Amino acid sequence: GQDKEAGKSYEHRRQWIENRIRILSSLFGVDICAYAVMSNHLHIVCKLCPDEINQLTDDEIITRWTCLFKGPLFIQKRQQGLNLIDVEQRIVDSLIVEYRQRLSSISWFMKCLNEPIARQANKEDNCTGDFWESRYKSQALLTEETVISAMVYVDLNPIRANMAETPEKSEHTSIKDKKLLLHFLHTSH
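Each residue of the sequence shown is one higher than the one before, starting from 440 at the first, in the numbering used here.
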């Protein structure tokens, strides 16, 4: 948001978060149903899709994971097409199982969202330390009704915070992101 004392705007950081959400949703087995990046917090309604990740080949898992992390030497060797000895291959196989689980995890999704944003903000502010006030909180939404209620809550959050007059005019929200809205409407039937 806006730091009135320092007279500095941090609004551009909302775009950082929105961009990162899009990147991560393309790599993880997590469909984003709704989001709102507020001035001092964010809301995300998501659907975990482990079956999507389970259907990927081992090479696809490695490719997705190494978009986020470099990966250890044996993973790098495999990506370069180098031959692995038996023990190296067993380690790689074990890592692929671990990466597959992580790419289906909301905890890893949030870690991969929060940490780079914190590093980027700390670099911009020329400081170190915590950026986010606390660990994310999540609530399982077990029925279609609760998912829709949560999406409405998220979409109306900027209105309640006097940041926009209507959901369509809310910046840094899924409702403003027409592609995401159309995707959700298409896949929910």
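Don't be surprised by glycine CBs; every beta carbon is placed ideally from N, CA and C.
As the structure is a computational prediction, the values presented were derived from the model and not from experiment.
DSSP state of A473 mapped onto helix, strand, coil: Here residue 473 refers to the residue found at position 34 of the sequence shown. A473: strand per DSSP, three-state reduction.
Residues of its chain near W504, where Cβ-Cβ distance is below 6 Å and the 5 sequence neighbours each way are ignored: Looking up residue 504 in the sequence shown gives position 65. Correct list, in chain order: Y538.
Given E457 as reference, the closest of L466, I483, P597 and G468 once Cα atoms are compared: Against the sequence shown, residue 457 aligns to sequence position 18. Looking at the Cα atoms, I483 is the closest of the given residues.
Reference R599; option with closest CA among S465, R453 and S478: Here residue 599 refers to the residue found at position 160 of the sequence shown. R599 has its Cα closest to that of S478, out of S465, R453 and S478.
Cβ-Cβ distance between V469 and R453 below 9 Å: For the purposes of this step, residue 469 is taken as residue 30 along the sequence shown, with counting starting at 1. For the purposes of this step, residue 453 is taken as residue 14 along the sequence shown, with counting starting at 1. Not closer than 9 Å, so no.
Delimiting residues of the beta strand (DSSP E) encompassing K486: If you number the sequence shown from 1, residue 486 lands on position 47. For K486, the enclosing beta strand (DSSP E) has its first and last residue at L481 to L487.
Spatial distance of I462 from L542 (CA atoms): What you label residue 462 is simply residue 23 of the sequence shown in a count that begins at 1. What you label residue 542 is simply residue 103 of the sequence shown in a count that begins at 1. The straight-line gap from Cα to Cα measures roughly 13 Å.
Three-pair Cβ contact test at 8 Å for the region 511 to 523 versus the region 558 to 569: no
Same chain, Cβ closer than 6 Å to M590, five either side skipped, listed in chain order: By one-based count along the sequence shown, residue 590 stands at place 151. Taking C-beta separations shorter than 6 Å and ignoring five residues to either side along the sequence, the partners of M590 in its chain run C472, A473 and V484, following chain order.
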